[in-house]
Amino acid sequence: MSIAFIDLAAQQRRIRDRIDAAIGRVLDHGGYVMGPEVREFEARLAEFGQAKLALSCGNGTDAIALPLMAWGIGAGDAVFCPSFTFAATPEVVPWVEATPVFVDILPDTFNLDPAKLEAAILAVKAEGKLKPAVVIAVDLFGQPADYPALRAICDRYGLKLISDSAQGFGCTLNGKHPLHWADVTTTSFFPAKPLGCYGDGGAVLTNDAALWDLMDSYRVHGKAVAQDLVGRTFEHETKYLNARIGMNSRLDTIQAAVLIEKLAIFSEEIALRQVVADRYADGLKGKVLATPGVIDGGVSVWAQYVIEHADRDGLAAHLKTQGVPTAVYYPVPMHVQAPYAHFPRGAGGLPVTEAKAGTVLALPMHPYMDEATQAQIIAAVRGFNG
Ligand SMILES: Cc1ncc(COP(=O)(O)O)c(C=O)c1O
């Protein structure tokens, strides 16, 4: 049997009956958009992520855009983010006419380098053209960014902090979810994510009820929400009173129903992912340039298991001959992608990001990988003579 890079079918076999029943309930009640499962899932998700509130939306990209819109981030604002990430992280910044400023990463965790972030903020302030407004930290490959350090910097310069946890949702640092430090945590339920649905979906977690309300407005065409109705009455549906220009970004009820079932087994799956990661670390010791380092006190959800090798492309080609699928996240960093190349970069450029783009290789990773399959993968990596 061929080796799966991410085996979604194994999980589906485990909970198929529950998923069928959950979808069946939605078909029975017919509330396909904003049905009862959406609110139920939001409540459960908030509880899981140690948040007061969660707002579901159409995907993990809109989840980053929604707080930017609600905070009124716009032209003249600088939004600091890594370049070693998926396009969605910087993409939403020009949507609101703000400017992404790319910052380099730490070599061991692939996450934002706090010292370089602070230098970038100071450089933007000194130049005086843009106002530092927001930091988007990414929990790349599943592990938390250095939130205590990032929060301290954001507080020092008055910036908002977004945790883009599309890959890392469920990760913790010293037992706390990223929202302990961030103003919002955003995530994606794209099927391959650690907590994925069967289509597109996303969410924003926050402890700020007024912000939740505003984001609720933006996700439904700028509909009037409580704060818009102070001192006035409106007898019709509030979605027909438009207080601002928003968008349409709702989580389908069927996806919420699927996610309720998947969230119920998510903690167990995170533990299973750790078992797989530990087996890789043991089996690959000394053979590859590096197995992943995790921040002290951090628990990764291992969205990806990324090793580094000086001859990355040679190793990938060798593994292919052995029937082992791999992937490269990310071969071209965002700051050198054509549509993003004109945006500013932190002082000193992004040498770590550029070096990593040439060495990283993701191996198959999912909670249901059996020992025999993993031994086969490890043997294939060890058999590479590059
Ligand atoms: C770091 C990161 N941010 C944001 C997203 C966007 O999520 P979505 O594909 O649900 O829009 C993704 C994944 O695709 C991601 O990996």
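So this note's numbering is basically just the index in the sequence shown, starting at one, shifted up by 22.
We put the beta carbon where it would ideally sit given N, CA and C, even for glycine.
Practice problem: Measure the beta-carbon distance from Leu306 to Val350 and round it to whole angstroms, keeping in mind my assumption that it falls under 8 Å. | Solution: Contact doesn't hold; Cβ gap of about 17 Å is too wide.
Quiz item: For the stretch 244 to 315, which segments carrying the alpha helix (DSSP H) assignment without a break, of at least 4 residues, lie completely within its bounds, in sequence order?
Solution: Here the runs fully enclosed are 275 to 286, 288 to 306.
Quiz item: Candidates Ala394, Glu59, Ala402, Phe70: which alpha carbon is nearest Lys198's?
Solution: When each option's Cα is compared against that of Lys198, the closest is Phe70.
Self-check item: Residue burial classification, Gly82 (beta-carbon count within 10 angstroms, cutoff 16)
Solution: When all chains shown are included, Gly82 counts as buried.
Quiz item: Is Phe108 near ligand 1, going by C-beta to nearest heavy atom under 6 Å?
Solution: Residue side-chain check: Phe108 places its Cβ nearer than 6 Å to a non-hydrogen atom of ligand 1.
Practice problem: Reducing DSSP to helix, strand and coil, say where Ala159 ends up. | Solution: In the three-state DSSP reduction, Ala159 falls in the strand class (E or B).
Quiz item: Can we say the stretch 349 to 363 touches the stretch 105 to 121, given the rule of at least three CB pairs closer than 8 Å?
Solution: They touch, by the three-pair rule.
Self-check item: Reduced DSSP secondary structure (H/G/I, E/B, other) of Ala142
Solution: For Ala142, the secondary structure class from DSSP, reduced to helix, strand or coil, is helix.
Self-check item: Beta-carbon proximity of Cys219 to Val323, cut-off 7 Å
Solution: For Cys219 and Val323, no; Cβs fall outside 7 Å.
Quiz item: Excluding the five sequence neighbours on either side, which residues of its own chain have a C-beta within less than 7 Å of the C-beta of Glu59, listed in chain order?
Solution: In chain order, Val48, Thr275, Ala278, Ala279, Ile282 place their CB closer than 7 Å to the CB of Glu59, counting only its own chain and leaving out the 5 sequence neighbours on each side.
Self-check item: Every unbroken alpha helix (DSSP H) within the stretch 316 to 382, with a cutoff of 4 residues, ordered by chain
Solution: Counting whole runs of 4 or more residues, the stretch 316 to 382 contains the alpha helix (DSSP H) stretches 334 to 343, 373 to 379.
Quiz item: Given 8 Å as the limit, is there contact between the stretch 332 to 347 and the stretch 399 to 406, that is, 3 or more CB pairs closer than that?
Solution: Counting Cβ pairs under 8 Å, three or more are found: they touch.
Quiz item: From Cys79 to Ile45, what does the alpha carbon distance come to, in whole angstroms?
Solution: Those two C-alpha atoms are separated by around 19 Å.
Quiz item: Using the beta-carbon count (16 or more within 10 Å), is Phe256 buried or exposed?
Solution: Residue environment: Phe256 is assigned as exposed (fewer than 16 neighbouring CB atoms within 10 Å of its CB, all protein chains considered).
Practice problem: Indicate whether Pro170 and Ser185 have their beta-carbon atoms separated by less than 7 Å. | Solution: Annotated as distal: Pro170 and Ser185, with beta-carbon spacing of 7 Å or more.
Quiz item: DSSP state of Leu118, grouped into three classes?
Solution: Looking at the sequence provided, one finds Val at residue 118 rather than Leu. Looking at Val118 - three-state DSSP - the assignment turns out to be coil, as it is neither helix nor strand.
Exercise. Could you spell out where the beta strand (DSSP E) holding Val242 opens and where it closes?
Key: Taken as a continuous stretch (DSSP letters only), Val242 belongs to no beta strand (DSSP E), as it is neither H nor E.
Self-check item: Backbone secondary structure at Ala76 - three-state DSSP
Solution: Ala76: strand per DSSP, three-state reduction.
Exercise. Let me know if Tyr262 comes out buried or exposed under the rule of 16 or more other beta-carbons within 10 Å of its beta-carbon.
Key: That one is exposed.
Self-check item: Leu15 (DSSP reduced to helix, strand or coil)
Solution: Only positions 23 to 408 of the chain appear in this structure, which leaves residue 15 out of reach.
Practice problem: Buried or exposed for Leu251, please, with buried defined as at least 16 other CB atoms from any protein chain shown within 10 angstroms of its CB. | Solution: Flag for Leu251 reads exposed.
Exercise. Could you say which of Ile95, Pro314, Thr208, Thr121 lies nearest to Ala68 if we only look at CA atoms?
Key: The option with the nearest alpha carbon to Ala68 is Thr208.
Quiz item: Are the stretch 107 to 127 and the stretch 286 to 304 in contact at 8 Å, needing three or more beta carbon pairs?
Solution: When C-beta atoms of the stretch 107 to 127 are compared with those of the stretch 286 to 304, fewer than three pairs fall below 8 Å, so the two segments do not count as touching.
Quiz item: Name the DSSP bridge partner or partners of Ser24?
Solution: According to DSSP, residue pairing for Ser24 in a beta bridge does not occur.
Quiz item: If we count Cβ pairs, one from each stretch, closer than 8 Å, do we get three or more for the stretch 289 to 296 versus the stretch 355 to 365?
Solution: With a cut-off of 8 Å, the stretch 355 to 365 and the stretch 289 to 296 do not count as touching, because too few Cβ pairs lie within range.
Exercise. Would you list the one or two residues that DSSP bridges to Leu183?
Key: Looking at the DSSP assignment, Leu183 forms a beta bridge with Val157.
Quiz item: CA-CA distance, Ser346 and Gly94?
Solution: Reading off the sequence, residue 346 comes out as Val, not Ser. Val346 and Gly94: Cα-Cα distance of roughly 46 Å.
Exercise. Find the nearest neighbour of Leu75 within the set Ile287, Ile41, Arg40, Leu233, judged by alpha-carbon distance.
Key: Ranking Ile287, Ile41, Arg40, Leu233 by Cα distance to Leu75 puts Leu233 first.
Exercise. Specify the secondary structure class of Leu217 as computed by DSSP and reduced to three states.
Key: Note: Leu217 maps to coil in three-state DSSP.
Practice problem: Find the nearest neighbour of Phe365 within the set Phe132, Lys151, Asp130, Ile127, judged by alpha-carbon distance. | Solution: Residue Lys151 is the option with its Cα nearest to Phe365.
Quiz prompt | Segment limits, beta strand (DSSP E) that includes Leu227 | solution = Leu227 -> beta strand (DSSP E) spans 224 to 228.
Quiz prompt | DSSP bridge partner residues for Ala410 (one or two, in chain order) | solution = Examination of residue 410 is not possible in this model, given that the chain is present from 23 through 408 alone.
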